[in-house]
Structures are given as structure tokens and as C-alpha cells.
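Data block below; observations after.
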Amino acid sequence: MHGEYKMPGGKLVVADLDVHAGKLRHVQISGDFFLEPDRALRDIDAALEGLDASSDEAALAFAIQSALAADVLKYGISPEAIAVAVRRALHEGTQA
Amino acid sequence: MSRSAWSEHDWQLIHDGPQPPALHMALDQVLTDEVAAGRRQPTLRIWEWASPAVVIGRFQSLRNEVDLDAAQRHGIEVVRRISGGGAMFIEPGNTITYSIYAPLSLVEGLSFQESYALMDAWVIAALAELGIEAWYQPLNDIASAAGKIGGAAQMRHAGAVLHHVTMAYDIDAAKMLQVLRIGREKLSDKGTASAAKRVDPLRSQTGLPREAVIQRMIDTFRRLHGLRGDALKPEERARARELAANKFHQRAWTAEVP
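Protein chains in written order, with numbering that gives the first Met the number 0: chain A, 0 to 95; chain B, 0 to 257.
As C-alpha cells, this is what we get:
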């Protein structure tokens, strides 16, 4: 499943994932945003892995925010924008 | 630490002959590290490309961004750089690419937007001298009324900041669109109808040879901030070659976000 979201005034956030037994699996967030340090991307993917596929945007954003260390710098990307991309991927999946 | 001025630094210029794409990626890592460690003075490096390339951003998905079959068909190497941002389509002679390696003190206390604006200001002055009214357009573009001229990416690492920019001098938009996958969502708030129209090259705007544009940029930087001719040190070149072979040429890195 694949979802994209361009936050107004931000960069493109892409979510690729599968759903198995109602849980998010193989989550890969990508895009043309900026994150420092770069390993924060793995923390974001790990935070989403295994979450309920029924999680709403607020729950997804909260999980991402909680997993990011306080010193992570984000430019053009936010936990909320990632959550939208994930919800879009899930929505597309139910239609397919 | 308080913020330093450009003039407090002894800026060095590296403008080497054409290099393969993976070596350029490696040089950015090595020279950022060297400035961070204090072994190298702040440096402006102008790139010359030995071969065509697609350079994807640190966090971009390889398969989402690049049509790998088309890239292979056109003999285009795909490399991943160490900074975030978007994919660039490079053909030798078609782009003007440069990197600035500076101590972190130059952007101390600045927001991302402020530090992009600060690092782009000299090139916008150079473009103005060439008759192009350009500006920094957040988050990371250099734009003119006719369209986007280039894109910047910044990375802060240890005690240094890397700011590199690719500007379109000329562009084969048809080939670019075969190789890069540029989706509709990406263009959703840009207000333009097609990806090809998003980029307006410097050649049509200046009517000058690429070398003349680069020379103007060097002259402007030198006048504003001072600039001394320099070259890569043998150990920097050796380290970059090693990194090009063992990291930037490796699938593990290029497909790190598959």
C-alpha cells in the first residue's frame, strides 16, 4: 500500500506499508524532507511498525512524536504529515 | 558559541576537473568532516560532472523516485547523497552544482529557513549581476519569475554545516521525466501544470556559456566574502575514493531506503 502527502509549505512524505492481521507491517516512510540525525527515519518506521491499522491520525502522530528523540530536527516534515501519508496508504489499500 | 560572520573565515575554493557521481557524494562527506574537525578552512567547492547521474535525497525511496530501467537505458548512474531533499537529474554541462562547507558557527542560532537564506544570498547576488532576479524560496528552492532555478540541501553534522545547491543551466526535460518519477502530489501546491515547467534553466535566462556563469559566481563570492584558490589534499582525495567505493557505490547505501 502506498500513500503520499505534501504538507502545505512542507515537503513530500511517502508511506509504503503492508497490513497483516490488522497491524501495520513493513512500514517505510520516505520523501524529500530533511531530518537530523538521519537515523531518526528508522525510529519513525519502527514507531509505526505493528500499530493497529485502524489507528487514527492523532494516534499515529502521537506514536511518531513519542519515538523521536528531543534533539531530532525536522524540516518540511511533521508527525502529523507522516500520519496523513500513512492514513492515505491505508485508505488506498481498502479501495484496491 | 556565538554566530560568526562570513568575513571571519578564510574561505577556500576547490574547482576540480570532472569527477564521477559517487566521488562527488564522498567528497561532500569527507570535506564536511574535515571542516568539522578543524583540519580544513571553510570551503566553496564547484562540481564538474564526469558522467550523467540521478542524485536522490537521503530519505527518498529509490524505487519510488527513479525508473531504474530508464536510467540504465540512458547510461545514468543513480547515487544517494548524505543530505535530505529531492532527486536531481544531472547531465555534464547541464547543471551548476556547488557545496559550501562551513563551521556550524556560521548558522548558529538560525532557523533552517534563515540559514538557507543566509547560505543562498551570495549566489542570488551573483545571479542579479547576470540580470536574473532570483530569490530564495522556502523551503529550499532558488526561484525566479520564470520558474525554479535550483534547489539547495543542507545538513548539519558535528561542528559543520554542508550546504549544496544544484542549479539547472540547461535541461533535457523529456529525458528527466523518463528517469525521475515526479508524482502529482508533489506538484499539488506548486500551482504549475507540468513538472517540466517547474525548472527554468540559466542558459535561456543569461544567454551566457556555463563557464561564464560559474566565473561570475566565483567573482561574486570572492568580492563578498574573500576566496582563495585551493585544491583537495591527497589524504582527502584518498579518503573520498575509499568512501566512494565502499559506501556510495554500494547497493546497501543507494537502496538504504528501497
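Glycine included, every Cβ here is placed at the ideal spot set by N, Cα and C. On a predicted model such as this, the values are computed, not experimentally measured, just so you know.
Tell me residue i's beta-bridge partners as DSSP assigns them.
| i | result |
| --- | --- |
| R227 of chain B | B:Q11 |
| Q28 of chain B | Its beta-bridge partners do not exist; DSSP assigns none. |
| R86 of chain A | DSSP lists no partner for R86 of chain A. |
| F88 of chain B | B:V53 |
| Q153 of chain B | B:H162 |
| V78 of chain B | B:V54 |
| A14 of chain A | A:G2, A:I28 |
| S246 of chain B | It should be noted that the sequence gives Lys, not Ser, for residue 246 of chain B. DSSP lists no partner for K246 of chain B. |
| G146 of chain B | B:S143 |
| A80 of chain A | In the DSSP output, where bridge partners are listed per residue, A80 of chain A has none listed. |
| A167 of chain B | B:T94 |
| V198 of chain B | B:K147 |
| H19 of chain A | A:K22 |
Looking only at its own chain, which residues have a Cβ that is under 7 Å from the Cβ of residue i, when we skip the five neighbours before and after it?
| i | result |
| --- | --- |
| R79 of chain B | I55, R57, W252, T253, E255 |
| A80 of chain A | Y4, M6, G9, V12 |
| E33 of chain B | R39, E235 |
Would you mind reading off the limits of the beta strand (DSSP E) that contains residue i?
| i | result |
| --- | --- |
| E35 of chain A | 33-35 |
| K22 of chain A | 22-30 |
| W134 of chain B | 133-136 |
| R44 of chain B | 42-46 |
| S98 of chain B | 94-102 |
Taking all protein chains shown into account, decide if residue i is buried (16 or more other Cβ within 10 angstroms of its Cβ) or exposed.
| i | result |
| --- | --- |
| R238 of chain B | buried |
| Q112 of chain B | exposed |
| R87 of chain A | buried |
| E210 of chain B | exposed |
| H162 of chain B | buried |
| L72 of chain A | exposed |
| D15 of chain A | buried |
Going along the chain, which residues of its own chain have a beta-carbon closer than 6 Å to the beta-carbon of residue i, five neighbours each way excluded?
| i | result |
| --- | --- |
| A244 of chain B | none |
| I123 of chain B | A133 |
| G149 of chain B | I141, V164, T165, M166 |
| V65 of chain B | V53, V77 |
| K22 of chain A | G49 |
| Q204 of chain B | I131 |
Considering just the uninterrupted stretch of the alpha helix (DSSP H) at residue i, what are its terminal residues?
| i | result |
| --- | --- |
| F61 of chain A | 56-66 |
| F111 of chain B | 111-128 |
| M175 of chain B | 172-178 |
| P233 of chain B | 233-242 |
| L72 of chain A | First-last for L72 of chain A: 72-74, but that is the beta strand (DSSP E), not the alpha helix (DSSP H). |
| E64 of chain B | 61-64 |
| I181 of chain B | Here I181 of chain B belongs to no alpha helix (DSSP H), and DSSP marks it neither H nor E. |
| L40 of chain A | 39-47 |
| R39 of chain B | Run containing R39 of chain B: none; DSSP gives neither H nor E here. |
| R72 of chain B | 67-72 |
Just tell me which of the options has its CA closest to the CA of residue i.
| i | options | result |
| --- | --- | --- |
| G85 of chain B | A:A20, A:M0, A:Y74 | A:Y74 |
| D229 of chain B | B:M216, B:M154, B:L242, B:I45 | B:I45 |
| I28 of chain A | B:Q177, B:A49, B:Q18, B:S60 | B:S60 |
| M154 of chain B | A:E91, A:V26, A:D37, A:S53 | A:D37 |
| D51 of chain A | A:V85, A:E91, A:A68, A:F33 | A:V85 |
| I13 of chain B | B:R62, B:K232, B:L103 | B:K232 |
| I217 of chain B | B:P20, B:P91, B:M175, B:I99 | B:I99 |
| A20 of chain A | A:A68, A:S53, A:A69 | A:S53 |
| D199 of chain B | B:K246, B:L226, B:H248, B:G146 | B:G146 |
| D55 of chain A | A:L89, A:F32, A:D31 | A:L89 |
| A157 of chain B | B:V29, B:D171, B:A21 | B:V29 |
| M175 of chain B | B:P17, B:T94, B:A35, B:L43 | B:T94 |
If I measure Cβ to Cβ from residue i and keep anything under 8 Å in the same chain, skipping five residues before and after, which residues do I get?
| i | result |
| --- | --- |
| H224 of chain B | W5, S6, H8, W10, W121 |
| V178 of chain B | V53, V65, D66, A69, A70, H73, I75, F88 |
| Q94 of chain A | Model confidence at Q94 of chain A stands at a pLDDT of 47, short of 50, so the residue's coordinates are unreliable and nothing is read from them. |
| P257 of chain B | S60, L61, R62 |
| E91 of chain A | M0, H1, G2 |
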